Structure formats: C-alpha cells, structure tokens
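Residue numbers (full-length UniProt numbering), protein chains in the order written: chain A, 1 to 195; chain B, 1 to 195.
By construction, the Cβ of each residue, glycine as well, lies at the ideal position given by its N, Cα and C atoms.
No experiment lies behind these values; they were computed from the predicted model shown.
Written out below as structure tokens is the structure these notes cover.
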DNA sequence: TTATTAATTGATACTGTGTCAATAAAGTAT
DNA sequence: ATACTTTATTGACACAGTATCAATTAATAA
C-alpha cells in the first residue's frame, strides 16, 4: 500500500469528534421539545467552541452522515464475516444483525430519525435476505413473494422493534420473522413444526 | 347541535390556507437540494406575504400537523364505512386503504417524511388488522404471530410501496400481503391455493 | 525545546424567525 | 352602492443561528 492505513491522528481531533458525536446523540434523545439540533447546542453540549465544529464538519448534515456511515459499517462488519461460516457457527446473519442492534439499541433508535440511515439499513437487510434466498434456491423451496416485499416487511418489523425499545430478544424476533415467511425452523436451527 | 357545522368561512382564508398547503407539498417534493422548508420559501411559493402565514399558523410544525390530520382523516373516512359492509361489497378494508393511497400517491410520498404522519398511518393499519383478526377469531384459524409483528411488517411493505412510487396495483399488493400471512385467498375473495 | 497543529475568541455579513402597527384590499351585510 | 368587518400587505424590529475570518492561546510531535 502507498498510504499507511493507520496514520497517527492528533488525539485532540479524536477527542473533539467523539465529543461532537456524543453531543449529537444526546440532543437527538431529547425528542420532548422536538429539539432542533443546532451547531450552537452541539457546541454547548460538547463543551467546545462553536467554531471548532466547523474545523471538522461542513455542517450538521455532514456530521450526521459520518455517524450514519460509522454505525452501519460496524453493523456490516458484524454481518459479513458470518455469511461464510454461519453454517459452522449455527448463527444466522439475521440473528447477528438483530443482536448487534440489540446491543446498541439507543444508538439505533436515535439514528432511525435519519432518512439516509433508514435507507442504508434497508439495503443491508436486502443483502442479508438475497444471500439467504440464493442458498435456499437449490433446496427445492419455491420462492413465492418478491424480495422487496420480504425485505420491506422485515424492515418494518425491525424498525418497530427498535422504536419500541427492543421488547423482544433477537432470537425470538428472528423466530417470529421466520414464522412469517413459513420457514418452519427457529433461529437455533431446530424444527418447530412440520410443513 | 348548538353550533352550525358549516359556519361560513371567509373565502380568503380558504384560498390562503390552500395555497400554503400546496406550497408545502411543492417544497417537500424538491428533495434534490435537501430543501429545508422555511416560512420565507412557503410565502414565495404561495405568492403570499410572509406575515400572512402567521395569521393562520403558529409555525411550520403547525401547518404540517394540520395537513397530516386532514390527509389521514380523509383516509380513515374511506376505510371506516367499509368495515360494516365489506362483506357486502367484497372489498376488504386493506384494499380500500391501499386504493386511497394509490390515488394520492404523491401526497402520501411527501407526507411520509413526517414522523407523526408515519405514527398515525401505522395506527390506522393496526386498527384494520385488529378488526380483521376479531372476525377471523371465530373461524377456527389460529393466530400465530403477535399483532405488532403483523402490523409493523405490513407497514414496512406499504411504506416501501409508497416510497417506490406505488409500483404494484393495490389488489396485487393486498394479495402479496395476504400471501405473507398464509391467508390463502386473494383480495377478490377467491381461493388461490389450498392450505 | 521548538515547530506544528488544533482550539478559542471576538468580529463579521448573512438568512431566517416571530411579532407589530399602519395601511390597503377584499368580503359581508344593509 | 355604502358602510362595516375581516384579511392581507408592508416595512420595521429584536432576536437566534449560520458560516467564515484573523489573531491568539494551548496542546501535541519531533
């Protein structure tokens, strides 16, 4: 590689960006007064100067975009390695997906306000489902419903689950989703009901 | 009644409110430059004075709230009368629901940006589904999946359908939704496949 | 220690908010 | 048609937030 992948970054930058991101999450949680997030408020909450914000971000959209990408890259990182070996570990990608969200429930709840986040989360789900369908294709199970229907309905369930404060366990939710699509096995791989 | 339900309203008010609502929809459609809607822009688009806006609305939130309620009251009006006689007409509430959205696709597409609108649309779906379940309860069909799962997955599908520009017909979509929940009849009431 | 880089400060021009009093225009009623 | 009432416009106001400076202070890296 021509560039060092771990260029040392000034710790002040790391600190400042982290503080602004935490401030953003903190402000987004205050849905009570429909708190419009402003650079002023972010700077106050982060206990940094307003001008400092502009040293790192173009505007609030820019900060939000970076946060969205970081959150979803971490999620994808948890899913993708599993694609190859989920037959070994017995953990379905959808379960890894739900477990990661479950472990970062507050973060995902506030991020769901962002349209771009929702779009990208949907795309990750489409990926998970299409890979699953690819595997199932050879196994004789006929696919009846268009993938957009399956993906969007799953997305609806997951969105509801996050917004409701993740009331079910990831395993239970995965089972319910599978039940919905007549996959009569539970998330652990055990047969629930004969077809 | 003590009050006349049709108090005559100054035509200038009707006209002004209509112009502001149209201006709002017009601005919301311009997602290209992430157009933040401002009172300034609304007044320009409506070809009215900025101060006039404040004669009718507290702020932009207030305008949006009124629009959301009007749109969804009209939708509810199309659904509710059907509850009683859908066995006569053969039209399921979910089909009336989808048909109304289909006929006002652009309006619903822009309104979906609003969180309150999404919440209320979801609640209408919950109502439709719970009434349907009430009917099915006596017919021996066992209900396997929690209603929140059914409602949120349906909401996901409908949301996707609206955002994608309503690519399927209401009847086809209703069929797909029913297929998903193992209701083996199509929206016209014909048997599609034996259980 | 000494460059170097980041953060703060105070200033700036700009856009948008929400409200007002005064005036013009449109609708209602006789 | 006239007088009365309500709505809309205009220009002004104080205020809050944006995005960008140049100059200064503080922290980091060599």
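Closest residue to residue i among the options (Cα-Cα distance)
i	options	result
residue 119/A	126/B, 108/B, 105/B and 156/B	156/B
residue 116/B	65/B, 20/B, 36/B and 105/B	65/B
residue 76/A	8/A, 114/A, 123/A and 109/A	123/A
residue 171/B	163/B, 54/B, 93/B and 152/B	93/B
residue 40/B	53/B, 31/B and 28/B	53/B
residue 145/B	14/B, 180/B, 100/B and 74/B	180/B
residue 149/B	121/A, 130/A and 178/A	178/A
residue 10/A	56/A, 165/A and 71/A	56/A
residue 71/A	26/A, 31/A, 121/A and 95/A	121/A
residue 18/B	31/B, 29/B and 67/B	67/B
residue 102/B	15/B, 26/B and 159/B	159/B
residue 29/B	137/B, 109/B, 165/B and 132/B	109/B
residue 69/A	130/A, 137/A and 114/A	114/A
residue 132/A	161/A, 80/A and 31/A	80/A
residue 61/A	8/B, 36/B, 166/B and 16/B	36/B
residue 173/A	31/A, 126/A, 95/A and 91/A	95/A
residue 16/A	137/A, 49/A and 130/A	49/A
Exposure label - residue i; buried when at least 16 CB within 10 Å
i	result
residue 175/A	buried
residue 147/A	exposed
residue 169/A	exposed
residue 51/B	exposed
residue 151/B	buried
residue 153/A	buried
residue 13/A	exposed
residue 58/A	exposed
residue 38/B	exposed
residue 4/A	Caution applies to residue 4/A, whose pLDDT of 36 falls short of 50 and renders its modelled position unreliable; the model cannot decide the point.
residue 82/B	A caution first: residue 82/B carries a pLDDT of 49, below 50, which makes its placement in the model unreliable, though a value can still be read off. By the neighbour-count rule (16 or more Cβ atoms within 10 Å), residue 82/B is buried.
Nearest-angstrom Cβ-Cβ length linking residue i and residue j, presumed shorter than 8 Å
i	j	result
residue 97/B	residue 128/B	6 Å
residue 112/B	residue 163/B	6 Å
residue 78/A	residue 100/A	5 Å
Validate contact between the segment 7 to 24 of chain B and the segment 34 to 45 of chain B using beta carbons, cut 8 Å, 3 pairs:
Output reads yes: the segment 34 to 45 of chain B touches the segment 7 to 24 of chain B.
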